[in-house]
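Peer 1: Counting from 1, position 28 in the sequence shown corresponds to residue 28 in UniProt numbering; the numbering is continuous, with no gaps. Glycine residues also receive a C-beta, built at the ideal position from the N, C-alpha and C atoms.
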Amino acid sequence: MTPPPPTSKTYILYTYYQSTCANRVVIALHHKSLPFTHHYIDLRSAEHETAAFAALNPSRSLPVLVITDPTTGTETILTQSVAILEYLEEAHPD
C-alpha cells in the first residue's frame, strides 16, 4: 500500500547564526513545535548578495522563511522577522 502524500507544510529558514532577527524566528518555530530546516547563509562571504539569494529576497536580508504546501505545490516566501512571527502566530495560534 502506498502511503498518502504529506499534508503538512514544510519550512526552510534561511538564516545566519549571529542574526538576532533570525533567532527570534527559530525560537518561535521551536515554541510552536514546527519542524523546519536551517539553510545557513554566510554573510561574511556575501552569500546574501548572490543572484540565487536575491531571487528569494530582493532586499537580500535575513531571515527568509520558505513555506511549501505539498497538497498544492505552492511556495510562500516570507521575509522580515516580525512578518514571519505574525504569520506563524496566525497560522498556528496554539
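Within 10 Å of its beta-carbon, does Val64 have 16 or more other beta-carbons around it, so buried, or fewer, so exposed?
Peer 2: The count along the sequence shown starts at 1 and reaches residue 64 at position 64. Under this definition Val64 is a buried residue.
Peer 1: Is DSSP giving residue 161 helix, strand or coil here?
Peer 2: Outside the shown range of the chain, which is 1 to 94, sits residue 161, and nothing can be said about it.
Peer 1: Would you kindly report the start and end of the unbroken alpha helix (DSSP H) that includes Tyr87?
Peer 2: The residue given as residue 87 occupies position 87 in the sequence shown. Element bounds for Tyr87: Ser81 to Ala91.
Peer 1: Touch check for the region 5 to 21 and the region 66 to 82: three-plus C-beta pairs under 8 Å?
Peer 2: A contact exists between the region 5 to 21 and the region 66 to 82.
Peer 1: In this structure, how does DSSP classify Leu56 when only helix, strand and coil are distinguished?
Peer 2: Sequence index remark: in the sequence shown, residue 56 carries index 56 (1-based). Reduced to three states, the DSSP call for Leu56 is helix.
Peer 1: Taking the straight line between their C-alpha atoms, what separation do you get for Ile67 and Ala46?
Peer 2: Walking along the sequence shown from the start, residue 67 turns up at place 67. Walking along the sequence shown from the start, residue 46 turns up at place 46. So the two alpha carbons sit approximately 24 Å from each other.
Peer 1: Are Tyr16 and Leu56 close, meaning C-beta to C-beta below 9 Å?
Peer 2: As a first step, residue 16 must be located in the sequence shown, where it is residue number 16. As a first step, residue 56 must be located in the sequence shown, where it is residue number 56. Taking 9 Å as the Cβ cut-off, Tyr16 and Leu56 do not qualify as a contacting pair.
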